[in-house]
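S.K.: Before anything else, here's the structure in question.
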Amino acid sequence: MMEKSDNGLTITTITTNTNAAVVVVAAVTTTTTTTTTTTATTTTTTTTTTTTTTTTTTATTTTSTTTSTFT
Numbered sequence: 001m002m003e004k005s006d007n008g009l010t011i012t013t014i015t016t017n018t019n020a021a022v023v024v025v026a027a028v029t030t031t032t033t034t035t036t037t038t039t040a041t042t043t044t045t046t047t048t049t050t051t052t053t054t055t056t057t058t059a060t061t062t063t064s065t066t067t068s069t070f071t
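Per UniProt numbering, the very first residue in the sequence shown carries number 1; after that it's consecutive.
Dropping the structure here:
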């Protein structure tokens, strides 16, 4: 899923669910462009910052079986 908001931030969220393990990867890319104009000189600076956060949650299910014999 790709969403873009009005403030220029692009947020990409990928969710994968396999065998009770949930992996969520969120990447936020921020692009800042600064233009400075002086006499007959134009300088353009572009800064791109990418932050990636990965969270892994693993669910474990334990099954216990007890057998009793009465005589």
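The beta-carbon is built from N, C-alpha and C at its ideal position, and this holds for glycine as well. Here the structure is a predicted model, which means the values were calculated and not measured.
1. Helix or strand or just coil, what does DSSP make of T35?
2. Distance, Cα to Cα, residue 102 vs T29?
3. Using a Cβ-Cβ cutoff of less than 6 Å, which residues in the same chain neighbour T33 once the five nearest sequence positions on both sides are dropped?
4. Taking DSSP as the reference, what is the three-state secondary structure of K61?
M.R.: Let me spell this out:
1. Look at T35 here: in three-state DSSP terms it is strand.
2. In the structure as shown, the chain starts at 1 and stops at 71, and residue 102 therefore has no counterpart that could be examined.
3. Within the same chain, Cβ atoms closer than 6 Å to the Cβ of T33 are found at T46, the five residues on either side in sequence being excluded.
4. This sequence places Thr at residue 61; Lys is not what is there. It is coil, neither helix nor strand.
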